[in-house]
Structures are given as structure tokens and as C-alpha cells.
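For what it's worth, our numbering labels the leading residue of the sequence shown as 42, then goes sequentially.
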Amino acid sequence: MWLKASCVLEFHTSVPTPFILMLRPRSGEQQWISREDYVLSPSVPAVEFTDSFGNLCQRLVAPIGDFSLRTLVHVETADYSDIDPGAPFIEVPQLPGDTLPFLLPSRYCDSDRFTDMAASIAKGYAPGYDQCAAIVDYIRRTIEYTPGHGQETISASEVNQQGYGVCRDMAHLGIACCRALCIPARMVVGYLEGLYPMDLHAWFEAYVGNRWYTFDPTQTDLKGGRVAIAFGRDATDVAIYTQFGAPVELLSMDVQVKQVPKPND
């Protein structure tokens, strides 16, 4: 399917404020970016760089007053994310080097605290994809999805204890459990067509069967176009904006995703 996805962020700053932005998706195996608009208002110099996870980031200093970012992309993406029940577990010595950071505990994915729980959830399932699916089923059964009610970022163990969370929190729990089983897992933030209420969305990917597969505890299936913007160990690595210095006021944020006809060749 073809999607048009947009995000508008409007800020007010009291002093010149350094920002790192992360709102430019890349073309990859599951998506092709055919057009992109990226507008800063007022226009300020920006320097783009690629972080250690391959995400496209922009450095800039926002001036005093109102400042906005408007981004729009046209993307070709799959109607359904790939699934592969039975895809095997990959032994750690055979894993590609770039997957190894996604085996370790991180700030919000405290996988070292889930060794016993993850083993209990995965017991009786074939190592690999089926264990990841069992973890997702567990999260859906035990954690209430409460979109719009998660202002504070919390750890996977805190999510598991409180019993509810937003998409980010549920992804953290899935990642922590996968890593506890020595399955590389990473956070993804992006767009999801048909999400309600519409917002940027978070899910996770696990590395089994020699590739990354999508898992989303907040959705009953993997239907709907996804546009991945950024990948990382947890929410710390995939923030769409990070500001430094005095706090800034986020005046508004508007996300729109809709299906569009295939562009003319």
C-alpha cells in the first residue's frame, strides 16, 4: 500500500535551544520513501548525521519564540508485516555483530530482571519466533493498553508491576523478555495506518530466523501499513526530538497517516 504520513511539532522557546530531531524515515526492506518534505519555521541551519543505529538525525538551534517542524512522507509499505511461525532461534555465536547491542539490558529494558519470568512464558514453545509470539500474547493478556496516558517513561519491570501502559511501555516489556531469552530485540518508533487515537507509535522487532520480525503487543494482528522512523535499544534512543538546556513548551503535535493511490510513474 501507499501511505502519506505527516507530523507537525510546534514549540515555544524562551532562549536559543539546541535540538536533535529524528523524524526522517529511511528506505529499507519493508518500506520505500518516494517523496519527503521537511520544513523548519523559521528556517535555521541544520546539520544532519547518522547515529550509531543508522537513524537520520538533525542538529539545530531553535531561536527564541515560536518554532515548528513540519514533515511529510509518501511511502510504499506492506499491507501486513511479515510473520514466520517456527523461525528458529539463532545461537549467540552465530548472530551478526550489529545485533549484539540488542541483547544487553538498557535503561528501560532491564532484561536482567526477567530471566525466570521469560523462561516461564516461553516454556513449551519452539525457541525463536514462537517464543516471541508467546511473550506478545502474555503482554496482551496481562497489561492493559492505555493510549494517551503515559507521560513518564518507565522501565519494563515497572510496567509489568503496574499492569498497564502505552505502546512504548508494552514494547519495553516485550524487548526485555526477548533479551532475557538471548533473542536480540530492538525498539521501533514510527507511523501506523489506522491507529486510534492517531499518534506516533512504538513496537518492537526481534531477530530470529536470520532477520528482524515485527511484534506489536498493542494490536490484535499485524495488519496495516507501518512506517519505521527510528530504531534503538529503548525509548532513549528513538526520541523524535531531544532538547538541551532550559525546558521548552510543546504547543502542539499533530500526526496524520492515510492511505493514498499509487503515484503515477
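Idealized CB from N, CA, C, for every residue including glycine.
Can you look up residue i in the DSSP assignment and give me helix, strand or coil?
| i | result |
| --- | --- |
| G138 | helix |
| H190 | coil |
| E132 | coil |
| L145 | coil |
| V289 | coil |
| D78 | strand |
| R67 | coil |
| D278 | helix |
| S152 | helix |
| S161 | helix |
| V177 | helix |
| D123 | coil |
From the DSSP output, read off the bridge partner residues of residue i.
| i | result |
| --- | --- |
| T118 | Q72 |
| K45 | H115, K299 |
| P59 | V102 |
| Q284 | F60 |
Am I right that residue i and residue j are in contact with their C-beta atoms under 8 Å? What's the rounded C-beta distance?
| i | j | result |
| --- | --- | --- |
| C208 | P188 | 7 Å |
| P66 | I74 | 6 Å |
| V230 | A271 | 5 Å |
| I281 | L62 | 7 Å |
| F155 | C218 | 5 Å |
| V200 | F52 | Actually they do not touch by this definition, with Cβ atoms about 29 Å apart. |
| K299 | L44 | 7 Å |
| I162 | I176 | 6 Å |
| R220 | L144 | 6 Å |
Check your understanding: Do the region 270 to 284 and the region 137 to 148 meet, that is, are 3 or more Cβ pairs less than 8 Å apart?
Key -> yes
Exercise for review: Tell me, please, whether the region 124 to 142 touches the region 245 to 254 by the rule of three or more beta-carbon pairs shorter than 8 Å.
Suggested key: yes
Exercise for review: Only counting runs of 3 or more residues, tell me where the beta strand (DSSP E) segments fall wholly within the region 195 to 275, in order along the chain.
Suggested key: 226 to 233, 242 to 249, 252 to 256, 267 to 273
Exercise for review: Assess, as a yes-or-no matter, whether the region 118 to 126 is touched by the region 252 to 271 under the definition of 3 or more beta carbon pairs within less than 8 Å.
Suggested key: yes
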